[in-house]
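What follows is one structure encoded as structure tokens, with my remarks underneath.
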Amino acid sequence: MELILALGIGALTSCGVWLLLRPRTYQVVLGLSILSYGVNLFIFAMGRISIDQAPIKEAGRFASLLQYDDPLPQALVLTAIVISFAMTALFLVVLLASRGLSGTDHVDGKEPDA
Amino acid sequence: MNSWIDHLIVVPIALPMVVGGLMLLLGDRRRTLKVSLNILSTLCLLGVAIAILLMVDAGDSGGPWPGSLAVYLVSNWSAPYGISLVADRLTALMLVLASLLGLCSLIYATARWDKAGVHFHPLFQFLLMGVNGAFLTGDVFNLFVFFEILLAASYGLVMHGSGWPRVKAGMHYIVINLLASSMFLIGVALIYGVTGTLNMADLARKVPLVAGEDRALLEAGAAILAVAFLAKSAMWPLNFWLPPAYSSASPPVAAIFAILSKVGVYAVLRIWLLLFGEAAASSAGFGSQWLLYGGLITLGIGSVGLLASQELPRLASFSLIVSSGTLLAAISFGQPSVTSGALLYMVSSTLAVGAFFLLAELIDRTQVFGANVLALTMEAFQAEGAIEDTESDEVGVIIPMAMAFLGLAFITCALVIAGLPPLSGFFGKFALLSAAINPEGTPGGEPPGPHVWALVTLVILSGLAALIALSRVGIRVFWAPAERAAPRLRLIEVGPIAVMLGVCVLLAIGMGPAMQYLDKTAAALHAPQGYSHGVLTQPRVPSPTAGEQ
């Protein structure tokens, strides 16, 4: 499971970085979103991965705290998801403004001379 | 008993949030009301910040917060579990600086810039909320949240007034900062994964206890976190976004943005000294070489940029980069006396650069379109004759008051930025350099190493570069007999600049008390045990119903 998760984070992050370096604003937005998915999974993984362990203590479920999952990274991920979602929306608006003002979707606002 | 005083700490965050939200509800029409609300709220913030500063400084001698450390437990959860807000001397100083800069740029903006687009006033309050929160928080993840708040507001403000250059620079600014936020999260997650805590005070206690094989992970996390802070504080090579974004932003926005790069410097100063101070066992001083050489290169690049830039806003942006470089290199020494000099330099350079952004617009107003280019061409081709011919006509002409003010303000700005006596910029640099050359405890013993001389040389050279660049502009603007329009200045435009520069002058006059305060600040920063102990032992407020149970 660790290997699959690590590979998933790696693939998402590398796709995100590659897209981020592309010259079209739409690719940049996608890159930022995919990168943020990678980061969110990474935060998740930092709470240690486990199966069938509840993050909230329930009466009569387990005796030891060691049998529970760490709830904090889940709360952190929730905050990070909300923030990255809002930022993506905001960036989309800026992208549209830039497209409208410059007439192109190149990140520098003009097509390269080629 | 004095519980209302304890709630003062949360005011710098809560007040702008409430006022900003209220202004969003007011819609876009009632401008006068919004302007007055905004100014009133910012004035209150300044008052609260000064009150916090005075009470924190009173410390053990009769102040409400013994040990000069005020801790506010949000929702009454005790320290490592809940979020805590912490105000010590450094925080109080930064709060005062932020609200002073905010008030000045806000008053300047009400002259005309706030009408250039929608939602200027709410965004301004949210920006102040984010900045104040970032200074006050004692929790790394909460720091991330406040960073995002101030960044979200700054994305709106950087494009205030619209126009293609602003949108283009703003788009690049947003992408860089979103990427930096991702790095921030990765760093925070790594640190949490290793230490199991996000509270800064708790982190300071846990870092020395980290086992050998985990230490590399912790340091990697801290380094990734530092990339996010350093991108914000404009260290080379993470600073290419700054000059276009700041110089194309509207002047009052650029002026308040002068504090944003200092938020990055503050975060580096706070977290680096807490996590990797002398107590951090084998990690002590981790990354100081990076800070030092990164800072020095930034200083060099900033100086070259100063010499190369022709427009006033770009000049101001590069002075900001020079100031960041100086600060980062000075912080890396990890020596209280150098830090206190750096703090003085930070206060005066932030105010001077902020004033300079505002001044740049007023000076540009005196220029007849095209005259600037003409003067430049004449300079380039050394057409001395053309300039001197007309000079005799100018003799005896009374300088209008507006020009006199602009000239005087420009000279003051230049003196502070270049660090020349008799103003506070000089004292900051002097305190910094003399402390770097003579570390305490070794009077005339150990000779200063090459990195000290590199810092000294670069700081002095950057001062020279600033002096050359600024006097060149000054001669071209004020002395060259170009055709110029007599500017019409309003009091609300002149006042803020005069206040900011006046504070620099006051700092130079009140050097003794200011240095005393900063020395104590630096001493507390370099002894993080006091900070962690204070935060972790802060008692919870007893529940009012506790007796009934």
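Those sequence lines, one after another, are chains G and E.
For any residue, its number in the working numbering is found by taking its place in the first sequence, counting from 1, and adding 274.
Numbering follows the working numbering, with no gaps: position 330 of the second sequence is 317.
Glycine residues also receive a C-beta, built at the ideal position from the N, C-alpha and C atoms.
For His147 of chain E, the three-state secondary structure derived from DSSP is coil.
With contacts defined by Cβ atoms closer than 7 angstroms, Glu135 of chain E and Ile283 of chain G do not form a contacting pair.
Residue-level contact by beta carbon fails for Leu304 of chain G and chain E, as no gap is shorter than 7 angstroms. Assignment of Thr124 of chain E by DSSP, reduced to helix, strand and coil, places it in the strand class. Bounds of any beta strand (DSSP E) do not take in Val403 of chain E; it lies within the alpha helix (DSSP H) bounded by Met388 to Ala405. Residue range Ser71 to Ala74 is occupied by the beta strand (DSSP E) that includes Leu72 of chain E. With a threshold of 7 angstroms between beta carbons, Met275 of chain G makes no contact with chain E.
What Gly383 of chain G touches in chain E, judged by beta-carbon distance under 9 angstroms, is Trp151, Val154, Lys155 and Met158, going in chain order. Contact annotation: the region 69 to 85 of chain E does not touch the region 201 to 212 of chain E, with fewer than three C-beta pairs closer than 8 angstroms. Rounded to the nearest whole angstrom, the C-alpha separation of Val(-3) of chain E and Val240 of chain E is 25 angstroms. At a cut-off of 7 angstroms, the C-beta of Ile163 of chain E has no neighbouring C-beta in chain G. Contacts with chain G at 7 angstroms (Cβ-Cβ) do not include Glu480 of chain E.
Secondary structure at Asn425 of chain E: coil, using DSSP grouped into helix, strand and coil. Ile278 of chain G is classed as exposed because its beta carbon has fewer than 16 other beta carbons within 10 Å across all chains shown.
For Asn129 of chain E, the secondary structure class from DSSP, reduced to helix, strand or coil, is helix. Annotated three-state conformation of His(-6) of chain E is helix, per DSSP.
Between Leu24 of chain E and Val35 of chain E, the C-beta spacing is not below 7 angstroms. In chain G, no part has a C-beta under 7 angstroms from the C-beta of Ser290 of chain E; the shortest such distance is about 27 angstroms.
About 5 angstroms separates the beta carbon of Leu110 of chain E from that of Gly143 of chain E, a gap short enough to meet the 8 angstroms contact definition.
Secondary structure note for Tyr59 of chain E: it is in no alpha helix (DSSP H), and the uninterrupted beta strand (DSSP E) holding it is Ala57 to Leu60. The secondary-structure analysis by DSSP pairs Asn186 of chain E across a beta bridge with E:Asp126.
Per the DSSP secondary-structure output, His380 of chain G pairs in a beta bridge with G:Arg298.
No Cβ of chain G is located within less than 7 angstroms of the beta carbon of Glu200 of chain E. At a cut-off of 7 angstroms between beta-carbon atoms, Ser307 of chain G makes no contact with chain E.
The beta carbon of Met320 of chain G sits closer than 7 angstroms to the beta carbons of Pro347 from its chain, once the five residues preceding and following it are set aside; these are given in chain order. With fewer than 16 other Cβ atoms inside 10 Å of its own Cβ, Asp15 of chain E counts as exposed. Taking every protein chain shown into account, the CB of Ile330 of chain G has fewer than 16 other CB atoms within 10 angstroms, so this residue is exposed. For the region 312 to 323 of chain G, the set of positions with a beta-carbon nearer than 7 angstroms to some beta-carbon of chain E reads Val313, Phe316, Ile317 and Met320 in chain order.
Fully enclosed beta strand (DSSP E) runs of no fewer than 3 residues occupy 57 to 60 of the region 6 to 63 of chain E, in order along the chain.
Counting along the chain, Val252 of chain E sits inside the alpha helix (DSSP H) bounded by residues Pro238 to Leu262.
Shown here, Phe465 of chain E sits in a helix according to DSSP, grouped into three states. Sequence-distant partners of Pro345 of chain G (beyond 5 residues in either direction) whose C-beta falls short of 6 angstroms from its own C-beta, in its chain, are Pro329. When the alpha-carbon of Leu225 of chain E is set against those of E:Gly281, E:Ile173 and E:Ile318, the nearest one is in E:Gly281. Taking C-beta separations shorter than 6 angstroms and ignoring five residues to either side along the sequence, the partners of Ser336 of chain E in its chain run Ser310, following chain order. Its Cα nearest to that of Pro300 of chain E, the residue E:Asp351 stands out among E:Ser149, E:Leu260 and E:Asp351.
The shortest C-alpha to C-alpha distance from Ser275 of chain E to any of E:Leu137, E:Leu293, E:His(-6) and E:Leu314 is the one to E:Leu314.
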